[in-house]
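Using the numbering used here, the first residue of the sequence shown is number 1, and each one after it goes up by one.
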Amino acid sequence: MRYEINNNCIACGSCAVVCGHNAIDTGYSHSQIKDISGKQEFGDPFIINNNCTGCGACLAVCWPGAIEEVRVNQIT
Ligand code: SF4
Ligand code: SF4
């Protein structure tokens, strides 16, 4: 099982805290600059990398519903 993060992500960071596999990368490339300028905007969506084991722990804590199950090699 694989997961990916969609645009509902508000960059709260909860998923990264619970992920025990270092599989969630932050999307801070733009938000760090915005923070310095004083604007309060949500950060870029987080990204799940290839370390993901599909354990599902992140899914349980993502209250905005931004983490989706991705079916790979699914036979249709
Ligand atoms: S995917 Fe969900 S839990 Fe993770 S940072 Fe985005 S909103 Fe927060
Ligand atoms: S499914 Fe598990 S390993 Fe994959 S990103 Fe979520 S918490 Fe990390």
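Ideal Cβ placement from N, Cα and C applies to all residues, glycine included.
C-beta atoms of residue i and residue j nearer than 8 Å
i	j	result
Cys-58	Ile-24	yes
Asn-6	Glu-69	no
Buried versus exposed call for residue i [16 or more other C-beta atoms within 10 Å across all chains shown]
i	result
Ile-48	buried
Same chain only: Cβ atoms within 7 Å of residue i, ignoring 5 sequence neighbours per side
i	result
Gly-65	Asn-8
Length of the line joining the Cα atoms of residue i and residue j
i	j	result
Cys-52	Ala-16	11 Å
Ser-78	Gly-20	With the chain represented from 1 up to 76, any question about residue 78 goes unanswered, as that position is not in the structure.
Cys-55	Cys-62	14 Å
Cys-12	Asn-50	21 Å
Asn-22	Glu-4	14 Å
Inset, instruction - Measuring from each Cβ to the nearest heavy atom of ligand 1, keep the ones under 7 Å and list them in chain order. - result: Ile-5, Asn-8, Cys-9, Ile-10, Ala-11, Cys-12, Gly-13, Ser-14, Cys-15, Ala-16, Ile-24, Pro-45, Phe-46, Cys-58, Val-61, Cys-62, Pro-64, Ala-66 and Ile-67
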